[in-house]
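Novice: Each residue of the sequence shown is one higher than the one before, starting from 1 at the first, in the UniProt record's numbering.
We treat Cβ as the ideally placed atom computed from N, Cα and C, and that holds for glycine.
Here the structure is a predicted model, which is why all the values come from computation and not from measurement.
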Amino acid sequence: MQLVKNEVSNFHKKREISFTWQINTNDLTIDASALQELGITHEISSIEHFLALFSASDKTLISEMLVQVKRGSNPEPIRACIITKTSSINLALVSAKKITENLLAGVVIPMFSSPNKEDLSSFFHQIFENNHHGMVVTDKHTRIVACNRYFEKSTGYKLEDILGKKTSIFNAGKHGSLFFRDMWEKIAKNGSWSGLILSKSKSGSTKPQELLIQKLVSMKGSIYYLGITLDLSSKLYRVAGIEHGGIELLTQLPNEEEFFTKIQDERSELKDNEGMLILSFVPKFDEASEFDQRKQLASALAYHESDCTAGFIKKSVFTLAIIYQHNKSKPHSLSIFEAIRERFNKIKARVDKDVYRQSMNSTIGVSVLGLDANNEHRMLSHSLQAMYEKHTSNNNNICFFNRNLHEKVKRREVLEEIVSRSVKDKSMQVFFQPIISSKRLKICKLEALCRFQDDNGEYLNTQEMILIAEDMALVSELDLAVADKAMEQREQLIQLYGNDVEITFNVSLNTSKPMKSLFKDLMSLFKTHRKHLPYVTIELTESAYFNSEKKDSNLLFDLRKTGVKVAIDDFGTGYSSFSYLKDGNFDVLKIDRDFVMNLIVGSHNYYIVKMITHLAHTLNVEVVAEGVESIQEVNILRDLKVDYLQGFYFEKPLPIQLLSSDINDREEIRDLSDLKIQDVELFTYPPTLSPAHTLREVKTLFDDNSIYTLPVIIDRKCVGVITREIYNLHTTPTLGTDQETMKEYRSLDKVASAMMTSSITRVHKTINAGEIHEKIRNHNPLPWVVIDDYENYIGIIDSFSIIHYLNNQ
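1. What's the call for valine 67, buried or exposed, on a 16-neighbour Cβ count within 10 Å?
2. In terms of residue numbering, what span does the beta strand (DSSP E) encompassing leucine 279 cover?
3. Using CA coordinates, which residue listed in Met428, Thr142, Phe650, Leu540 is at the minimum distance from glycine 627?
4. Quick check: the Cα distance between valine 609 and phenylalanine 595, rounded to an integer number of angstroms?
5. For the beta strand (DSSP E) that contains arginine 641, what are its first and last residues?
6. Any contact between the stretch 761-779 and the stretch 697-704? By contact I mean 3 or more CB pairs, one from each, below 8 Å.
7. How is proline 534 classed by DSSP in three states: helix, strand or coil?
8. Could I get the ranges of all uninterrupted alpha helix (DSSP H) runs contained in the stretch 308-385, with 4 residues as the minimum, in chain order?
9. Nearest by alpha-carbon distance to alanine 752: which of Glu791, Gly770, Val721 is it?
10. Give me the DSSP bridge partner(s) of arginine 451.
11. Return helix, strand or coil for methionine 472, following the three-state DSSP convention.
12. Counting beta carbon pairs with one atom in the stretch 186-193 and one in the stretch 211-225, are three or more of them shorter than 8 Å?
13. Anyone know if the C-beta pair for alanine 567 and valine 536 falls short of 8 Å?
14. Given asparagine 90, which residues of its chain have a CB within under 6 Å of its CB, disregarding the five upstream and five downstream residues?
15. Count the other CB atoms within 10 Å of the CB of isoleucine 612; is the residue buried (16 or more) or exposed (fewer)?
16. Output needed for serine 280: all residues of its chain with C-beta closer than 6 Å, excluding positions within five of it in sequence on either side, in chain order.
17. What three-state label does DSSP hand tyrosine 607 in the structure shown?
18. The ligand ATP and serine 661: does the residue's C-beta get closer than 7 Å to at least one heavy atom of that ligand?
19. Output needed for asparagine 102: all residues of its chain with C-beta closer than 7 Å, excluding positions within five of it in sequence on either side, in chain order.
20. Keeping to the same chain, check which residues put their C-beta closer than 6 Å to that of threonine 20; ignore five residues upstream and five downstream.
21. Taking the beta carbon of threonine 541 as the centre, do at least 16 other beta carbons fall within 10 Å, making it buried, or is it exposed?
22. Pick from Pro75, Ala96, Pro208, Lys315: whose alpha carbon is nearest that of asparagine 255?
23. Please classify leucine 178 as buried or exposed, where buried requires at least 16 neighbouring CB atoms within 10 angstroms.
24. Do glutamate 622 and aspartate 643 count as a contact pair if the criterion is CB distance below 8 Å?
25. For glutamine 293, which three-state DSSP category applies?
26. Distance check for glutamine 252 and tyrosine 324, CA to CA, integer angstroms please.
27. Please tell me whether arginine 451 and phenylalanine 431 are closer than 8 Å, where the distance is taken between their beta carbons.
28. Could you work out which residue in Gln296, Val507, Ser747, Asn461 is closest to threonine 694 when comparing CA atoms only?
29. For the alpha helix (DSSP H) that glutamine 209 lies in, which residues bound it at each end?
30. Near arginine 716, which residues of its chain fall below 7 Å by C-beta distance, leaving aside the five closest residues on each side in sequence?
31. Give the list of continuous beta strand (DSSP E) stretches no shorter than 3 residues that lie fully inside the stretch 122-167.
32. By how many angstroms is the C-alpha of valine 107 removed from the C-alpha of phenylalanine 54?
33. Going by C-alpha to C-alpha distance, which of Lys166, His133, Leu163 sits closest to serine 154?
34. Going by alpha carbons, who is nearest to isoleucine 538 out of Asp558, Ala483, Phe291, Thr528?
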């Protein structure tokens, strides 16, 4: 009883109403005088009379509570409404306890009382007509039956304008059908929905809002919906970077996925005399008015025109897809220039001078369909690359017109000539990258990779040249030429690595040539290199093979009968389907570097690699990890029983004359042989930071409760750490919540170098139990940074890992 009294101690309340119930006789005694204060004058002499005091739903709850008390339990008090003849509302706490086997005692504590209809009406009016949230009530068909003045002010509508109309009149047309379908599914399931939404006002403008929809059911079963809204127009930072229903809420422009969908449709309808270009830029807006200016520019870009589609991607980049006209009467580059100039002249007429100036002072990256890209994804990627490259050259104030377009086209022609000549004359260079046995730490395979040189002997960008070969439909011929040269050079590789050394080379399926024809050419090539075939592996990219696997799997079977092995390259980056492994058409699986880079124990990628390796071994398939660049990755991959390791940690691709005969000549490789499993368990490998990483990125990492320390790395050296304690000093309880201030939001841009502590204890990777105990006795504070002989960062020893390690000694 005391608990109940304490719970309402801060409320003004009427006199407590005590009652007892004799269970075996059903006699109920209650304080009649206290009941009279509530306006209840009729006799209450049984449990049925007592329960009749309450509403139907509360009656059920109180009955269940009394049953529990009879059984000897001590349930929580029930909050219930007492119904009186005057129709006033009396909210009370009801509790009871068992005295004897047949006697219960209880108390009803009135907490809140509305003594008359006028008070009830007044209270409802004060809540409904507040000055901080909009409120709108609809029937079950979402027809509006009431709204408050705040809602009228925020939407521009008067109640008489919208009474009886559906709430769809506020649909800004920004969110797709899936967004609203999900909303109503949640309302049906949970009785409510809350989130951010874009709403159209009477003037046609679109505003970001917080919206809560609550389903209400009357005593008679009638359904209503109560909407509570908060206009976020004055708090635009709250919606910046947030995507809902395919759009970014601040700019109200399509996100990357929706942008691609739109331009794919537009590209499919291009006429012969039409071209498409994509330009991307990040305006340098004033900090104080950044969000207002960003929204203004977005509004200008979104102005509906059939020849232009705008998007907002990667939380900072405005991008435009422009359809332009071209003809033979003037240079193609001039048509492109005129289209860009016309577009920005239209933007200039729709925005303030400062917004236009800040847009023009940014770096604008341009990509043109058919000239530097052959699909929508490459167009966007190339436009971003052009933009970022200009940033790296510190030339941030350039003209939006690409004056080097003619030179780039000429360069393209030169590169196409180099590709054509290289394939025809087999003049490309073949480099080899070693693949290391994780058990023996010996070179047992080498991957053959092509390299191109210009007329001055300078090496060209390989990826760019391969893309050109694909555009020219020469990639299949290029692969065959590289395969031919690689098998010819295997004789030299045998001299370095022994008779069993294997070679691998890639066969691209990103070609219009039928797979059957491609494999026929391979069969013809193999006839001249029969003795090498048992030592040859062909690598096929996962996504490319997946597209043709069902109808062409028999081709792989025939190919493998020649003695060659077949590998899936870049596993996990395509369709990530294991269905084609079960047929036994593959011998090797290569895990893409995206899963290997910065690999740490316990991360999502760790378990992905572990699962892939286990499944592959179950199916008798070997596993190669690509992109290995650190001792941390080597240790973890070896512990996961990955068969082979490939990456810059061991060796970059080299021409055959520069290859070393024994990878173990290198000291850091020799040290791997002495590494014990307990070292791996003692060290932890958290994600690493650069000094430029921001508090926003640090917060994302520390949201993972398994991380306690983040090292800050420059050139493989640890210069400081950010512990969870340091992180807490730079954050506030309201950061990332609805109470977040602009100042707190801006603090997320604070860089790691301004937060880290550089006072750290460094220990060598060979540290043993004795050294650990000594450092603990000397009060060397944790965490400790683990380094190698060259003082390069390896990992972290924190209090959790050290306790685990010492407990297992």
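Specialist: The answer reads as follows:
1. exposed
2. 274-281
3. Phe650
4. 7 Å
5. The amino acid occupying residue 641 in the given sequence is lysine; arginine does not appear at that position. Per DSSP, lysine 641 belongs to no beta strand (DSSP E) and is neither H nor E.
6. no
7. helix
8. 332-348, 353-360
9. Val721
10. Gln429
11. coil
12. yes
13. no
14. Leu38, Ile82, Pro110, Ser113
15. buried
16. Val317, Thr319, Gly365, Ser383, Leu384, Met387
17. helix
18. The ligand ATP is not among the ligands present in this structure, which contains no ligands whatsoever.
19. Gln22, Ile23, Asn24
20. Thr29, Ala105
21. buried
22. Lys315
23. exposed
24. yes
25. helix
26. 25 Å
27. yes
28. Ser747
29. From DSSP, glutamine 209 is part of no alpha helix (DSSP H) but of the beta strand (DSSP E) over 206-217.
30. Asn792, Tyr793
31. 134-139, 144-147
32. 14 Å
33. His133
34. Ala483
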